[in-house]
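In this note's numbering, the protein residues as written are 10 to 283.
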């Protein structure tokens with residue numbers, strides 16, 4: 010019997026964590042694997058002293074909004090020059106990289122980057138991700154995809170355009186103008202307060218060292234790339250240089266959350282690694 014979407018998500022989390030342990034063991038014991046990694050981070054004259062695994066056993070870290078949160082780093086690698094690197098492990102070539110509630114996204118982004126999101130952009134976010142009390146009223150008058158929008162309690166981009174072209178344009182403009190910070194938020198920082206809990210590299214771990222990418226380089230690369238609304242079902246996503254962002258609710262709860270996806274092909278193309 011096949012897994013439903015919720016079970017599939019849990020399975021991916023579990024197998025991903027096991028994979029992190031495998032990678033950690035290789036980094037500790039396989040000399041060629043160590044060399045591949047050190048070459049990629051330009052530390053060929055150093056040695057790996059220790060590797061710490063997050064995954065199933067990870068401890069929550071300090072959250073920038075108070076309390077605790079999960080680190081974006083799956084592995085912490087310590088070298089013999091006292092430097093350390095946070096690694097975000099990706100087992101598949103595409104999938105979720107960040108899932109976060111709407112209000113938490115807004116507050117977390119503003120706090121991490123000390124940038125105020127305008128009221129118009131906040132309103133557009135609340136309509137696109139369905140936290141606005143006006144959603145059903147707008148759907149009744151402007152919808153282009155009624156069945157889907159009522160089921161998800163959110164607007165697709167074409168309905169947002171019909172309702173208010175200014176909000177439609179401002180939302181896309183905000184993602185475009187803040188794409189470097191958004192990339193950093195999704196892959197490196199998340200809601201972690203302290204720099205030692207950030208990820209510095211993303212590792213597509215089915216392969217060896219050639220698929221380790223600097224998140225700083227990725228941030229720099231996204232700045233010249235286009236951000237657009239998706240076209241499927243009248244625009245349910247925003248297409249980003251590193252993947253896309255969409256509405257998602259793993260537990261079928263309304264309103265849903267903001268789900269960012271990574272895409273290996275997009276990332277390698279950005280970094281001229283394909």
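Yeah, the Cβ is synthetic: ideal placement off N, Cα and C, and Gly gets one too.
Review point. Under the rule that 16 or more other beta-carbon atoms within 10 Å means buried, what is residue 117, buried or exposed?
Key: buried
**Study point:** Inter-stretch contact (C-beta, 8 Å, three-pair minimum) for the segment 159–172 and the segment 92–109
**Key:** Segments in contact, no.
Exercise for review: Leaving aside the five residues before and after residue 102 along the sequence, list all residues of the same chain whose C-beta is less than 6 Å from its C-beta, in chain order.
Suggested key: 273
Point to revise | Of the residues 125, 124 and 110, the one placed nearest residue 137, counting alpha carbons only | key: 110
**Study point:** Inter-residue CB distance, residue 60 and residue 88 (contact presumed, cutoff 8 Å)
**Key:** 10 Å between Cβ atoms; not a contact.
Exercise for review: Pull up the CB-CB distance for residue 208 and residue 81, whole angstroms please, since I reckon it's below 8 Å.
Suggested key: Contact flag correct, Cβ pair sits at about 4 Å.
Check your understanding: Is there contact between the segment 227–237 and the segment 188–202, where contact requires at least three CB pairs shorter than 8 Å?
Key -> yes
**Study point:** CB of residue 236 within 8 Å of CB of residue 279, strictly
**Key:** Contact flag unset, no.
Exercise for review: Let me know the alpha helix (DSSP H) ranges lying completely inside the segment 139–185, each 4 residues or longer, listed in chain order.
Suggested key: 144–151, 155–161 and 166–172
Exercise for review: Could you tell me the distance, in whole angstroms, from the CA atom of residue 196 to the CA atom of residue 106?
Suggested key: Taking the straight line from one Cα to the other gives about 7 Å.
Review point. Out of curiosity, what's the CA-to-CA distance linking residue 241 and residue 262?
Key: 23 Å
Review point. Using the C-alpha atoms, what's the distance from residue 178 back to residue 128?
Key: 14 Å
Review point. So is residue 56 in contact with chain B if we call contact Cβ pairs under 8 Å?
Key: Considering every chain present, this structure includes no chain B. It has just one protein chain.
Exercise for review: Could you tell me the distance, in whole angstroms, from the CA atom of residue 143 to the CA atom of residue 112?
Suggested key: Note on geometry: alpha-carbon atoms of residue 143 and residue 112 lie some 16 Å from one another.
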